[in-house]
Structure formats: C-alpha cells, structure tokens
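In what follows, a structure is listed as structure tokens, so that the remarks can point back to it.
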Amino acid sequence: MQEKNLLNKKAFYINLLLSFLTVLLFSFSFPSPSISFLAWIALVPWFIIISSGYKVGLFSYIIGASFFTLNLSWLRFVTYPGWLLLSLYLAAYLLVFGVISHYLRKRLKLPHIIIAPFAWVALEYLRSFPLSGFPWFFMGHSQYLNLPLIQFADITGVYGVSFLIIIFNAAIADLIGQSLVRGKFKLGIDSIIFFERKRNVYCFTITIPILLLCLALFYGYFNLKSYKSLQDGPNVCVVQGNIPQSIKINPDEKQQEEILTKYVNLSLKNTEEDTDLIIWPETMVPGILNIDPEILDRKIDRLSKDSIQKLADITSANLLVGGTAIDVNNKYPLYFNTAFYYDRKGKLVDRYDKIYLVPFGEFIPFEKYLRFLGHLVPYEVSLSSGKRRTIFKLYTEKTDKVFRFGVIICYEDTVASLVRKFRKNGVDFMVNITNDAWFCDSSELDQHLAIMVFRAIENRICITRAANTGISSFVAPSGEIYDYLVRNGKYREIDGVLHNKIRFVNTTNTWYTNYGDVFAISCLLATTVLLLITVTRRIFT
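To convert a position in the sequence shown, counted from 1, into our numbering, add 60.
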C-alpha cells in the first residue's frame, strides 16, 4: 500500500510537470510570440499523461483552464467574470478530449495517431457553435504565417491544418510510448502497452505524418505559384483613428465630435485621387445614420450626416462606415451594429447589420431568464442580430467593372460559414470592420488577424480590414498579408491611413466554398463511430 501511494505521488508530480510544459508550449505557439513550430510538439506531454491513465480528466482540465485563462487574459479589459467563466467553459472541451482519447485507447487498444486527430477536430468543430461559438485558438491558427503549409485549407478549412499538427503530436507521443515500453519504463502507474504486440506500427507512426506533410507542402507550393499573378481591383483607403475604448465606450458630446472630426480629417488628408472606397472601422460614426436627424433632434446626428456628405463631395469616393442603426418599426426600438454604404454622391445605398453578436458583449443569451447578468454587457441595451447578408456593389472607372463585396463586423471573420456563404453568393472581395480597442495593446489583435488569414485561403478571396486601433491590413487570396498599417515598427495603437488595391483572381469556387466543413464533420462522425463501437463492445461482452 505504501509503495502504491509513493508511485501515485510520483505520478501526480510528473503529470503536473507535463501539464505545465503543455500549457507553456501550447501558449507560445500562438500570436504572440507566435513560435509556430512549437505547435507540432506542444501536446506531446499531454498525450503522455493520457497514455498513463492517471487522473486524465483532472490534468486535462488543469491544462485547459490554465491555457485559456492565460491566453484569454485580454478579456479582462472588458469583463473579469466573463474572462474567467469563458476560460473555464472552454477548458471543458479539453477535458472531454482527454477523457475520450484515454477511453478509446484503453478499450480499442488504438494509438494516439488514430484517435487524437479525429477527436481534436471534432471538438474544435463543436466549439464553433454554442452561443455564436468561439472559434479561437484552433490549432491550425498557429500556422497562419506558414503559407506553403496551410494552402490546403481551401479544401478542409482550418480544421485540416489542426488535424495535421495533431497527427505529428500524436506520432511523437506514440514513439515515446514505444520507447518507454521497450525500455520497461513505467510512470509509476499503468504502462503504455499499445506497442507491445504491434511492431509494424512503428513504421506506420513515422510514415503517415511525413507523407501527409509532404502532400500538404506540395499542394501549397503549387498553389502559391498560381496565385503570384493576381489582378488589381478597386483602390481602397482604410482609415485607422486609434480612439481609446475609454473614450469610445461612453463619450460626451464633445468627445463624439472629436472622434468624428479625427476620422474625417484623416480621410481628407490622406485620400488619393483615384480612391474608389474609403473604409472606417466598426462603430466609428457616433451619430445615428438611418434616421432623419430632425426626428431625433440631436446635434451629433446632424453633424455625422453632414460629415459623410462633405467627405463624399470632396473625395468622390464610395464610403463604408461603421455605426449604430435603430429600427423603430417595432413595439420596442431595435439597435444594430451596422456598416453603412454610401455612393460617391453621399447617398446612403444600403446597410449590413451584424448577424453574429458577441455573447455577453453585445447581447445577453436567453435574456428573459438571465437579465440579472446585464452588467456584463457594456451597452445600455442588448443589440439585435441582422437577418440579411447584404452584398454591396462598387463600380470603378479605371477597370470599368462592378465589384461585389460583403462586410463582416468585428469577430464575424471567425465565423467561417458566414464568409463562405458570402463567397458562394458571388462576392469578389470581403471587408472586415472592427474595433479591437476593447483589448488595448494585447495579443488579441494579432490572434484576430491570424484567424482572418484562413478565411481568405478557404475561399480564395481578398479581405481588407479596417481596425480602430489595429491591425488594419490587406490579405490576399493566398493568405499573404501583403500590406498593413505600421509606423516605426509599431502596428498596434497607432493612427493613420492605409492605401492599396484589392487583389483578386478569376477562379471557380474552392471545394471549401462549395461544400463547407465536410472534413470536420467527417472527423466528428469518425469519433462518434469509435465511441459507439466501444460502448457496443462493452455492452455485449
């Protein structure tokens, strides 16, 4: 008994150390510091814990809670309770992964390399759904700068890149497990027994990951060559005002006028003669633009409308600006996070209302029952969700063409299905307007941009981004960030204007655009089948 207690104590501290190592490597894989190669080994210590079988659920949850609490720390600038609750909620997915992996290994005698990639992708996919989902920190996102590797996302989405990385982690863990067994080493608990009767698995474990990596790189380099010669589209001016959220959240009348004046002046001073489209970030217009200013009788509404007209008259450019819309044709007024589109004469053409709202950021889920959580929402009222994927049209004299584009607001660029539907409906490029000032000069800004890279590759579409405090940028259909606003090496919390042309390629829709998350759904089905086999076998034996 005493010897068993000593072994368990030893196993506890070994697994605790392995958990710490996992969190460290996993965290450093993402922006920033974005040491992307660490992702390929980050989960190996965790897989060793799963192989050991000792308190797998506990240590899996410790890893998840530690990782998300550490890497979502930028949420504390908005809500401390939300930061902690979301971290603990997301950790549950890692708990489920650890338990499923251990259970299937134990019952089916299968290695990590067969179980882990499918289970991991299945849970990433499921994580993208509840309450608008939170598709952040997918393993594939860590590779956003490794362009040759991630080009096959136009087939599988980001999930395929996650799958490939997990296969490498699993293979390394399996090889370590084989070495431990051959050396008769035990972690003070159950030994890793899978390899004792399957010698050919050693070759399988090495060959499969390397083969898949070679295929991914071959596909990537081939596609990058074909996307070197892109056509120039509209000339776009992206304005970044760098308004701190401390001012933006509840500005007085003078501050509202200062915000508006700054964006107008930046636009007027820096707009080129042949600019086709000027873009302001999310909610940068303080006035209500969809209602006659005389009805609301507010100075800021009149000033906002006059400023838009003045800007259009002087620049002769189309304008896309972020603001708030109010619909009053209801029993209660409905508020929307909106992108307003104006033609070259300053006439309001159409608008897009944000469809995917941020839970506890822009609305309270199940508000009828959770009204007491209203203090978590930084607005006086919950916003309403848009119902229409508006497609705007932009004519350019230089090309004598009409370009179609869609808008995604704030974190909607993390919703892969939304961008895919826009592309499937025939848009030529996408615009993302966002206000990440909520998160100050944090890694959230880099992480947000990393996710957008995959939307460009998945649909082979150019995306331009207007961000209040950064990172305003242009992303090519290949995923290359070919321009971004930077000054003296700093690209966050600066003001300025970014000029460039939309780049596009005449091509048919990608497999991903046409068929969506078939790969991720297949992984979910495969994991479900393995679980059913395990349960069925246990019932009948």
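A virtual CB, placed ideally from N, CA and C, is assigned to each residue, including glycine.
Keep in mind that this is a model prediction, so the values were computed, not measured.
Test item: CB-CB of residue i and residue j under 7 Å
| i | j | result |
| --- | --- | --- |
| Ser532 | Leu558 | yes |
| Asn397 | Leu326 | no |
| Phe223 | Pro177 | yes |
| Asn229 | Val116 | no |
| Val388 | Phe400 | no |
| Tyr219 | Val513 | no |
| Thr450 | Asp501 | no |
| Gly293 | Phe463 | yes |
| Ala516 | His201 | no |
| Val296 | Leu337 | yes |
| Ile339 | Ala526 | yes |
| Phe499 | Phe137 | yes |
| Glu626 | Asn495 | There is no way to answer for residue 626, as the model of the chain reaches only from 61 to 601. |
| Arg358 | Ser376 | no |
| Asp506 | Pro91 | yes |
| Ala125 | Glu518 | no |
| Leu130 | Trp143 | no |
| Asp413 | Gly446 | yes |
Chain D within 7 Å of residue i, Cβ atoms only
| i | result |
| --- | --- |
| Ser286 | Among the chains in the structure shown there is no chain D, since it carries only a single protein chain. |
Other residues of its chain near residue i: CB distance less than 7 Å, five sequence neighbours each side excluded
| i | result |
| --- | --- |
| Ser364 | Leu320, Val345, Pro346, Gly347 and Leu349 |
| Ile123 | Ser79, Thr82, Val83, Trp106 and Leu154 |
| Met490 | Phe465, Gly466, Ile468, Val479, Phe482, Ile521 and Ile523 |
| Val589 | none |
| Phe88 | Ile95 and Leu98 |
| Val181 | Tyr219, Ser222, Phe223, Ala580 and Cys583 |
| Leu135 | Gly142, Trp143 and Leu146 |
Cut-off 6 Å between Cβ atoms - residues of its own chain near residue i, not counting five sequence neighbours on either side
| i | result |
| --- | --- |
| Ile109 | Asn75, Leu78 and Phe119 |
| Ile307 | Gln315 |
| Trp571 | Ile215 |
| Ile253 | Any reading at Ile253 must be qualified, since the residue scores a pLDDT of 44, below 50, and its modelled position is unreliable; the value itself is stated next. So the list is empty, once near-sequence residues are dropped. |
| Ala231 | Ile173, Thr265 and Pro269 |
| Arg547 | Ile554 |
Between the CA atoms of residue j and residue i - distance to the nearest angstrom
| i | j | result |
| --- | --- | --- |
| Ile355 | Arg362 | 10 Å |
| Ile225 | Lys370 | 52 Å |
| Ala586 | Tyr575 | 18 Å |
| Tyr185 | Ala497 | 28 Å |
| Leu145 | Ala152 | 11 Å |
| Gln316 | Lys322 | 10 Å |
| Ser367 | Lys461 | 28 Å |
| Thr529 | Pro171 | 46 Å |
| Gly158 | Ile101 | 17 Å |
| Lys69 | Leu150 | 28 Å |
| Arg257 | Ile599 | In this predicted model, Arg257 has a pLDDT of only 48, less than 50, meaning its place in the structure is not dependable enough to derive any value. |
| Thr329 | Leu379 | First, the residue type needs correcting, since residue 329 is Lys and not Thr in the sequence shown. Looking at the two C-alpha atoms, the distance is approximately 15 Å. |
| Thr594 | Leu148 | 29 Å |
| Phe311 | Ala179 | Looking at the sequence itself, residue 311 is Pro, so the reference to Phe does not match. Distance between the alpha carbons of Pro311 and Ala179 is about 47 Å. |
| Ala385 | Leu183 | 36 Å |
| Pro195 | Thr335 | 34 Å |
| Ile360 | Ile351 | 12 Å |
| Tyr544 | Asn390 | 42 Å |
| Lys407 | Phe278 | 49 Å |
| Ser111 | Gly237 | 8 Å |
| Glu332 | Ser503 | 32 Å |
| Ala233 | Ile227 | 10 Å |
| Tyr395 | Glu313 | 20 Å |
Endpoints, the alpha helix (DSSP H) within which residue i is located
| i | result |
| --- | --- |
| Ile598 | This sequence places Arg at residue 598; Ile is not what is there. Val578 to Phe600 is the span of the alpha helix (DSSP H), which, as asked, contains Arg598. |
| Arg483 | Ala476 to Lys484 |
| Val361 | The amino acid at residue 361 is misidentified as Val; the sequence shows Asp. Per DSSP, Asp361 belongs to the alpha helix (DSSP H) from Lys359 to Thr375. |
| His172 | His172 to Arg187 |
| Tyr416 | No alpha helix (DSSP H) contains Tyr416, which DSSP labels as neither H nor E. |
| Leu328 | Glu313 to Asn330 |
| Gly117 | Val116 to Asn131 |
| Arg515 | Glu504 to Asn519 |
Span of the beta strand (DSSP E) around residue i
| i | result |
| --- | --- |
| Tyr455 | Phe452 to Thr456 |
| Met490 | Phe489 to Thr494 |
| Val156 | Looking at the DSSP string, Val156 is not in any beta strand (DSSP E); the run it does join, the alpha helix (DSSP H), is Tyr140 to Leu168. |
| Asn560 | Gly556 to Phe564 |
| Thr384 | Asn378 to Asp387 |
| Lys461 | Lys461 to Ile469 |
| Phe534 | Ser533 to Val535 |
| Tyr544 | Ile541 to Tyr544 |
Own chain, CB closer than 8 Å to residue i, minus 5 neighbours either side, in chain order
| i | result |
| --- | --- |
| Asp577 | Tyr185, Gly217, Tyr219, Ala476 and Ser477 |
| Leu235 | Tyr262, Thr265 and Ile266 |
Would you say the segment 298-311 touches the segment 549-556, given that touching needs at least three Cβ pairs under 8 Å?
Here the segment 298-311 makes contact with the segment 549-556; the two share three or more CB pairs at distances below 8 Å.
- Query: Touching or not, the segment 567-581 and the segment 168-176, by the rule of three or more beta carbon pairs under 8 Å?
  - Reply: No, the segment 567-581 does not touch the segment 168-176.
Could you tell me whether the segment 284-299 touches the segment 563-578, where touching means 3 or more Cβ pairs closer than 8 Å? Taking one beta carbon from each stretch, the segment 284-299 and the segment 563-578 have 3 or more pairs nearer than 8 Å; the two touch.
Count Cβ pairs between the segment 207-219 and the segment 270-280 that sit closer than 8 Å; are there 3 or more? Between the segment 207-219 and the segment 270-280, the count of Cβ pairs shorter than 8 Å is three or higher; the stretches touch.
Evaluate the contact criterion for the segment 454-462 versus the segment 491-504: three or more CB pairs, one atom per stretch, below 8 Å. No, the segment 454-462 is not in contact with the segment 491-504.
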